[in-house]
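Engineer: Encoded as structure tokens, here's the structure I'll be asking about.
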Ligand SMILES: Nc1ncnc2c1ncn2[C@@H]1O[C@H](COP(=O)(O)OP(=O)(O)OP(=O)(O)O)[C@@H](O)[C@H]1O
Ligand SMILES: [Mg+2]
């Protein structure tokens, strides 16, 4: 490991913030680029630059002195990453892999070409062409580029949904009969060594189409657990480039495992690894960036991660019910440092560790009952609290 290497990170959100929290133990320098001067990394990065990570020249300038370039969001300039790689810098993920993943159409085609099981689909030049594929309905329409956190994805029931379909290139995918949604993290080193975490079970909040909470181990048979790990390892092997891969899977009601999508970066489904594993997803990234050996992925107990998502509108954030939650043994609070809350915005998370599934269920229910992030109420002036 070089002395105080400079890691240039594109994106300054909560993933970057949790990466920095761990990276500081190794005495590295983390430079962050993000358009928002108030982003979660802005005040804790070794050096913060305000600017666009999807602009080639801005990224080139920002990372010119770095030893390693990493991402914490996918919508970055791959052209800049290719040039930086050409200059001899370690770029993780590989820009070619990122290009494939950035486009949901290329990504689905990649799975097909590599014999990786995925739901039946077709590629459309325009979402409204879904009327030509009744065999894929009901299904899901996914905009090839630009979607994030469920925003580029819509369920489509029949041809009449063409009216509200995305305009432009899309993937139309058959609807899977999902028994469980899983995510499996794999880390792959420069010499092709791979390590895999236990699958986690994702439980969605139907209101925002965001993960509400996740739990590990997932409640499923040992053979399915092993099958999910093997499939995720195959995905990383197929990409064949160093990096951290979060592989989202569907376990169907008839017992098949299908790959939904892969993120080549730290992922919401891996936050529990901070407390539940000796080496977290962020620690693995640091090890990759600095050429250190991969870490231990074994799960130490039962863990759940509950997203703290903004409710009830926007404004300066107020956090309620923390005291009750933090009295539960084995709870860990992570606040992302976002001043403004919005409905559906991820403001933080709580990880809970427990001895078994029953204790875990109880703790999840308590946290969810008590903790809320809402906009601070405007003070109502009445005759009794009127300032004199
Ligand atoms: N073929 C499908 N069948 C059933 N449900 C699906 C299917 N595709 C997507 N979904 C549901 O929609 C959710 C979001 O879809 P997906 O993961 O493809 O997009 P996304 O997570 O919004 O993308 P991004 O990672 O860019 O934010 C899935 O987690 C799943 O609940
Ligand atoms: Mg997804």
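Residue numbers (my numbering): 161 to 548. Glycine included, C-beta positions come from ideal geometry on N, C-alpha and C. Quick caveat: nothing in here was measured; it's all calculated off a predicted structure.
When every heavy atom of ligand 1 is checked, does at least one fall within less than 6 Å of the C-beta of residue 232?
Structural biologist: Start at 1 with the first residue of the chain shown, and residue 232 comes out as number 72. The answer is no for residue 232.
Engineer: Under the criterion of a Cβ to heavy atom distance below 6 Å, does residue 335 qualify as lining ligand 1?
Structural biologist: Position 175 of the chain shown, counting from 1, holds the residue named residue 335. Residue 335 Cβ: within cutoff of ligand 1.
Engineer: Any heavy atom of ligand 2 closer than 6 Å to the beta-carbon of residue 279?
Structural biologist: Reading the chain shown from its first residue, position 119 is the one you call residue 279. The answer is no for residue 279.
Engineer: Kindly identify the DSSP beta-bridge partner or partners of residue 191.
Structural biologist: One-based indexing of the chain shown puts residue 191 at position 31. Answer by DSSP bridge pairing, in chain order: 168 and 207.
Engineer: Please state whether the Cβ-Cβ distance between residue 360 and residue 388 is less than 7 Å.
Structural biologist: Counting from one through the chain shown, the residue named residue 360 turns up at place 200. Counting from one through the chain shown, the residue named residue 388 turns up at place 228. Result no, Cβ atoms of residue 360 and residue 388 do not sit closer than 7 Å.
Engineer: Counting C-beta neighbours from all protein chains within 10 Å, is the total for residue 484 16 or more, i.e. buried, or is it exposed?
Structural biologist: Residue mapping note: residue 484 aligns to position 324 of the chain shown, counting from 1. Exposed, because fewer than 16 other Cβ atoms sit within 10 Å of the Cβ of residue 484.
Engineer: Specify, as a first and last residue, the run of the alpha helix (DSSP H) that residue 385 falls within.
Structural biologist: For the purposes of this step, residue 385 is taken as the residue at position 225 of the chain shown. Note, residue 385: alpha helix (DSSP H), 382-399.
Engineer: Measure the Cβ-Cβ separation of residue 232 and residue 425 and say whether it is below 7 Å.
Structural biologist: Your numbering for residue 232 matches position 72 in the chain shown. Your numbering for residue 425 matches position 265 in the chain shown. Cβ atoms of residue 232 and residue 425: closer than 7 Å.
Engineer: What would DSSP say about residue 255, mapped onto helix, strand or coil?
Structural biologist: Here residue 255 is taken as the residue at index 95 of the chain shown, counted from 1. Here residue 255 sits in helix by DSSP.
Engineer: Thinking C-beta only, is residue 312 closer than 7 Å to residue 283?
Structural biologist: The sequence position of residue 283 within the chain shown is 123, counting from 1. The sequence position of residue 312 within the chain shown is 152, counting from 1. No; because the gap between Cβ atoms is not below 7 Å, this pair is not in contact.
Engineer: In the DSSP assignment, the beta strand (DSSP E) including residue 478 goes from what residue to what residue?
Structural biologist: In the chain shown, counting from the first residue as 1, residue 478 sits at position 318. Counting along the chain, the beta strand (DSSP E) containing residue 478 begins and ends at 475-480.
Engineer: What three-state label does DSSP hand residue 423 in the structure shown?
Structural biologist: Start at 1 with the first residue of the chain shown, and residue 423 comes out as number 263. Three-state DSSP puts residue 423 in a strand.
Engineer: So the alpha helix (DSSP H) residue 156 belongs to, where does it begin and stop?
Structural biologist: Since the first residue shown for the chain is 161 and the last is 548, residue 156 is missing from the structure and cannot be characterised.
Engineer: For ligand 2, is there a heavy atom less than 6 Å away from the beta-carbon of residue 408?
Structural biologist: Numbered from 1 along the chain shown, position 248 holds the residue referred to as residue 408. Yes, the Cβ of residue 408 comes within 6 Å of a heavy atom of ligand 2.
Engineer: What number of angstroms, rounded off, separates the C-alpha of residue 289 from the C-alpha of residue 411?
Structural biologist: Working through the chain shown from its first residue, we reach residue 289 at position 129. Working through the chain shown from its first residue, we reach residue 411 at position 251. Spanning the two alpha carbons is a distance of roughly 29 Å.
Engineer: Grab the span of the alpha helix (DSSP H) containing residue 530 for me, first residue to last.
Structural biologist: The sequence position of residue 530 within the chain shown is 370, counting from 1. From DSSP, the alpha helix (DSSP H) with residue 530 extends over 517-530.
Engineer: Hey, residue 468 and residue 508 are a contact pair by Cβ (cut 8 Å); roughly how many whole angstroms apart?
Structural biologist: Residue 468 sits at position 308 when you count from the first residue of the chain shown. Residue 508 sits at position 348 when you count from the first residue of the chain shown. Yes, residue 468 and residue 508 are in contact; Cβ-Cβ is about 4 Å, under 8 Å.
Engineer: Nearest to residue 403 by alpha carbon, out of 206, 250, 244 and 201?
Structural biologist: As a working mapping, residue 403 is identified with position 243 in the chain shown. Selected option, being the one with the closest Cα: 250.
Engineer: Just list the residues that DSSP pairs residue 462 with in beta bridges.
Structural biologist: Working through the chain shown from its first residue, we reach residue 462 at position 302. According to DSSP, which records beta bridges pairwise, residue 462 is partnered with 514.
Engineer: At the level of alpha carbons, what is the spacing between residue 228 and residue 375?
Structural biologist: Within the chain shown, numbered from 1, the residue matching residue 228 stands at position 68. Within the chain shown, numbered from 1, the residue matching residue 375 stands at position 215. Distance between the alpha carbons of residue 228 and residue 375 is about 32 Å.
Engineer: For a quick check, are the C-beta atoms of residue 191 and residue 219 less than 7 Å apart?
Structural biologist: Translated into the one-based positions of the chain shown, residue 191 becomes position 31. Translated into the one-based positions of the chain shown, residue 219 becomes position 59. Contact flag unset, no.
Engineer: Look up residue 237 in the DSSP assignment and say whether it is helix, strand or coil.
Structural biologist: The residue given as residue 237 occupies position 77 in the chain shown. Coil at residue 237, not helix or strand.
Engineer: Per the contact definition of three or more C-beta pairs closer than 8 Å, is the segment 499-516 in contact with the segment 451-468?
Structural biologist: Verdict: yes, contact present.
Engineer: Quick one: any contact between the segment 196-214 and the segment 496-508, if contact means 3 or more CB pairs under 8 Å?
Structural biologist: Contact between the segment 196-214 and the segment 496-508 is present, because at least three Cβ pairs lie under 8 Å.
Engineer: Cα separation between residue 205 and residue 321?
Structural biologist: The count along the chain shown starts at 1 and reaches residue 205 at position 45. The count along the chain shown starts at 1 and reaches residue 321 at position 161. Approximately 45 Å, taken between the alpha carbons.
Engineer: Which residue's Cα is closest to the Cα of residue 171: 432, 162 and 209?
Structural biologist: For the purposes of this step, residue 171 is identified with residue 11 of the chain shown, where counting begins at 1. Closest option to residue 171, Cα to Cα, is 209.
Engineer: Can you tell which of 453, 178 and 187 has its C-alpha closest to the C-alpha of residue 203?
Structural biologist: The sequence position of residue 203 within the chain shown is 43, counting from 1. For the residues 453, 178 and 187, the minimum Cα distance to residue 203 belongs to 178.
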